[in-house]
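Colleague: Following this message is one structure expressed as structure tokens.
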Amino acid sequence: MKPLKINFLQISILIVVVTHVVGMVGFVSPWQELFISLTPFHLLLSAGLLLANQEDKSKNFWFAVVGVVAAGYLVELLGIQTGVIFGEYSYDRALGPKIGDTPPVIGVNWMMLVVAVAALVSRINTPFVIKAMLGAMVLVGIDYLIEPVAIAYDFWHWHQATVPTHNYLGWLITAFIFFGVYLSVVKNKSNPLAWILLLMQIIFFGVLNFTV
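Below is the structure:
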């Protein structure tokens, strides 16, 4: 009997699935505080595995990655300081240390979502602008799932009773710009881990929506 060969992609898929499932259970367990505190590490691990499985690791790709991380942090920083981009909100403890009241890891989250969604929308045979808009709409949908969970588990909170429509418009415009840059700079967007990471994100936040 031949030994089972496991490649890096399979290991990555296993890690992504297991960590999301364990985290999902942990968030509603007696050890909730511990699992919330591990959120930045989980985010960095997921993003790292996604980047490691990217087929195109050219200079343009890394330029785009660093650019989206930096721009993602800066747009959130401006959002926090002005209340103009997404509405008035504040970050809590779950996303780790903050600079200017904004956790730098939020830029990594923007990058991870852009890279993953771009890998999927780039396969659709539509004009560039349509791909960018589709990607932006997917991100708005994901944010819609994230918001109730983020508020309940100390990711951030809004300075009003409900999530403002302003937030989703801000996400749509910001994401459209990010996708426009990323899709134009990176030639090969293929990433075999993208679909499973997005699926697990949807399952994670979708299930936790029923607990809040």
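So for the sequence shown, my numbering puts the first residue at 1; every next one is plus one.
All C-beta atoms in this analysis are idealised placements derived from N, C-alpha and C, irrespective of residue type, glycine included.
Is the distance from the Cβ of SER46 to the Cβ of VAL16 below 8 Å?
Modeller: Yes.
Colleague: For the beta strand (DSSP E) containing SER122, name the first residue and the last one.
Modeller: No beta strand (DSSP E) holds SER122; DSSP gives it neither H nor E.
Colleague: Identify the residues that DSSP records as bridge partners of THR39: which are they?
Modeller: In the DSSP output, where bridge partners are listed per residue, THR39 has none listed.
Colleague: Can you name the start and end residues of the beta strand (DSSP E) that TRP156 belongs to?
Modeller: 156-158 is the extent of the beta strand (DSSP E) around TRP156.
Colleague: Beta-carbon separation of GLY87 and TRP158 under 8 Å?
Modeller: Going by C-beta atoms, GLY87 is nearer than 8 Å to TRP158.
Colleague: Suppose you measure from the CA of SER190 to the CA of GLU55; what does that come to, to the nearest Å?
Modeller: Each residue's alpha carbon lies about 6 Å from the other.
Colleague: Considering only the alpha carbon of each residue, which of PHE128, VAL84 and ILE106 lies closest to ALA94?
Modeller: Nearest C-alpha to ALA94: ILE106.
Colleague: Between the Cα of ALA132 and the Cα atoms of ALA119, PHE61 and ASP143, which residue gives the shortest distance?
Modeller: Looking at the Cα atoms, ALA119 is the closest of the given residues.
Colleague: When DSSP builds the beta bridges, which residues end up paired with ILE15?
Modeller: BP columns for ILE15 are empty, so no partner.
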